[in-house]
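A.B. asks:
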Amino acid sequence: MTADNNALGVFLRDRRARLDPANFGLAGRRRTPGLRREEVAQRANISPTWYTWLEQGRGGAPSADVLNRIASGLMLTEPEREHLFMLGLGRPPEVRYRAVEGVSPRLQRLIDLLETSPALIRTAAWDILAWNKAATVVMTDYSQLVPTERNVLRMLFLRPGVKEHQHDWEAMARFVVAAFRADAARAGAISEIADLVDELCRKSEEFERIWQENELATMGEGTKRLKHPILGDIELEYSGFAVDGRPDLNMVVYNPVDEAVANRIRELVREKSA
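The working numbering numbers the first residue of the sequence shown as 62 and each following residue consecutively.
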């Protein structure tokens with residue numbers, strides 16, 4: 062897609078007209094709805110003349126910084142901000158990482174419906190934010206861990222006993238680190254994971270060695286084998302899903318390959334809930 066100056070001007074005028082001056086402490090009678098051009102320019106900290114040119118579809122392509130300031134001045138939503146960039150520069154904006162502490166009740170209810178399929182929702186830093194009951198009986202009971210311990214990398218490299226429950230731990234660890242690096246970059250969270258990476262490098266020679274290899278991978282789809290203390294050796298198919306509008310969140314669902322294992326997971330979930 063290429064930039065469209067005329068469409069950009071129409072979009073800016075429309076969004077400016079939707080703003081209520083009273084919400085900004087601007088009183089007085091007005092001939093037209095919304096803020097004035099100079100008021101938006103002041104909020105965006107740009108020249109009124111430059112903003113006027115943009116609304117008129119002239120003046121050349123604005124910079125990403127200018128578009129971000131206009132988006133802030135017009136109080137655009139994230140989808141509106143993305144549309145603004147597509148019109149002004151012909152590309153979406155760079156991803157801005159937003160720290161998150163939880164998930165919506167709707168998303169939690171969704172994974173709770175998966176009775177025999179462990180499901181997790183994690184951040185770009187691979188912190189586990191939400192899980193269902195199947196994940197509790199197959200993976201670990203995350204509710205018993207403090208939030209800082211619910212990080213996949215910390216559990217994999219620092220938690221005692223984790224290796225013993227994995228088939229080919231080395232290959233799995235390499236894949237996790239490569240996918241972790243790619244997820245952080247995709248979500249614009251490289252600086253946010255710096256402290257975690259430093260901590261893991263200090264505490265785990267294995268992590269430091271693998272991290273230095275600079276490999277990249279995507280979660281996508283695949284299989285995971287576990288040595289479960291109750292279920293024994295099990296195989297799970299997994300699929301990763303992006304959460305729309307949240308590049309920092311990812312949902313992973315694990316489906317038992319064997320129907321007998323699925324039935325046993327259901328029994329364990331019900332026993333735990335009793």
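Every residue, glycine too, gets a C-beta built ideally from N, C-alpha and C.
From the DSSP output, read off the bridge partner residues of Gly151.
C.D. replies: Answer is none; Gly151 lacks a bridge partner.
A.B. asks: Taking the alpha-carbon of Met233 as reference, which of Arg331, Arg286 and Ile254 has the nearest alpha-carbon?
C.D. replies: Distances from the CA of Met233 to each of Arg331, Arg286 and Ile254 were compared; the closest alpha carbon is that of Arg286.
A.B. asks: Roughly how far, in whole angstroms, is the beta-carbon of Pro237 from the beta-carbon of Leu219, given that I think they are within contact range, below 8 Å?
C.D. replies: Going by the sequence as given, residue 237 is Val instead of Pro. Their Cβ separation, rounded to whole angstroms, is 13 Å, which puts Val237 and Leu219 out of contact at 8 Å.
A.B. asks: Quick one, are the C-beta atoms of Leu69 and Leu115 less than 9 Å apart?
C.D. replies: yes
A.B. asks: Shorter than 9 Å from the beta carbon of Asp126 to some beta carbon of chain D?
C.D. replies: Among the chains of the structure shown, chain D does not appear; only one protein chain is present.
A.B. asks: So, helix, strand or coil for Val313, using DSSP?
C.D. replies: strand
A.B. asks: Could you check the C-alpha separation between His228 and Lys288 for me, to the nearest Å?
C.D. replies: Looking at the two C-alpha atoms, the distance is approximately 7 Å.
A.B. asks: Assess contact between the region 259–272 and the region 193–200, defined as three or more Cβ pairs (one per stretch) separated by less than 8 Å. Is contact present?
C.D. replies: Taking one beta carbon from each stretch, the region 259–272 and the region 193–200 have fewer than 3 pairs nearer than 8 Å; the two do not touch.
A.B. asks: Look at the Cβ atom of Pro128, then the Cβ atom of Pro154, and state whether they are nearer than 9 Å.
C.D. replies: Note that residue 128 is Leu in the sequence shown here, rather than Pro. Cβ distance < 9 Å, so Leu128 and Pro154 count as in contact.
A.B. asks: Determine which residues share a DSSP beta bridge with Arg183 and list them.
C.D. replies: Ile189 and Asn311
A.B. asks: Looking at the structure shown, is Ile295 part of a helix, part of a strand, or coil, going by DSSP?
C.D. replies: Three-state DSSP puts Ile295 in a strand.
A.B. asks: On the criterion of 16 or more Cβ atoms from any shown chain inside 10 Å, does Arg167 qualify as buried, or is it exposed?
C.D. replies: exposed
A.B. asks: Look up Phe218 in the DSSP assignment and give the residues it is bridged to.
C.D. replies: The partner list for Phe218 (beta bridge, DSSP) is empty, contrary to what the question assumes.
A.B. asks: May I ask you to verify whether the region 166–185 touches the region 143–153, counting CB pairs closer than 8 Å and requiring at least 3?
C.D. replies: Touching, no, given that fewer than three Cβ pairs across the two stretches are closer than 8 Å.
A.B. asks: Is any non-hydrogen atom of the ligand MG found closer than 8 Å to the C-beta of Thr284, if you look at the structure I gave you?
C.D. replies: This structure lacks the ligand MG, and indeed carries no ligand of any kind.
A.B. asks: With distances taken between CB atoms, is the gap from Glu298 to Thr279 smaller than 9 Å?
C.D. replies: Going by C-beta atoms, Glu298 is not nearer than 9 Å to Thr279.
A.B. asks: Suppose you measure from the CA of Ala323 to the CA of Gln205; what does that come to, to the nearest Å?
C.D. replies: 24 Å
A.B. asks: With DSSP collapsed to three states, give me the class of Val223.
C.D. replies: Under the three-state reduction of DSSP, Val223 is assigned to coil, being neither helix nor strand.
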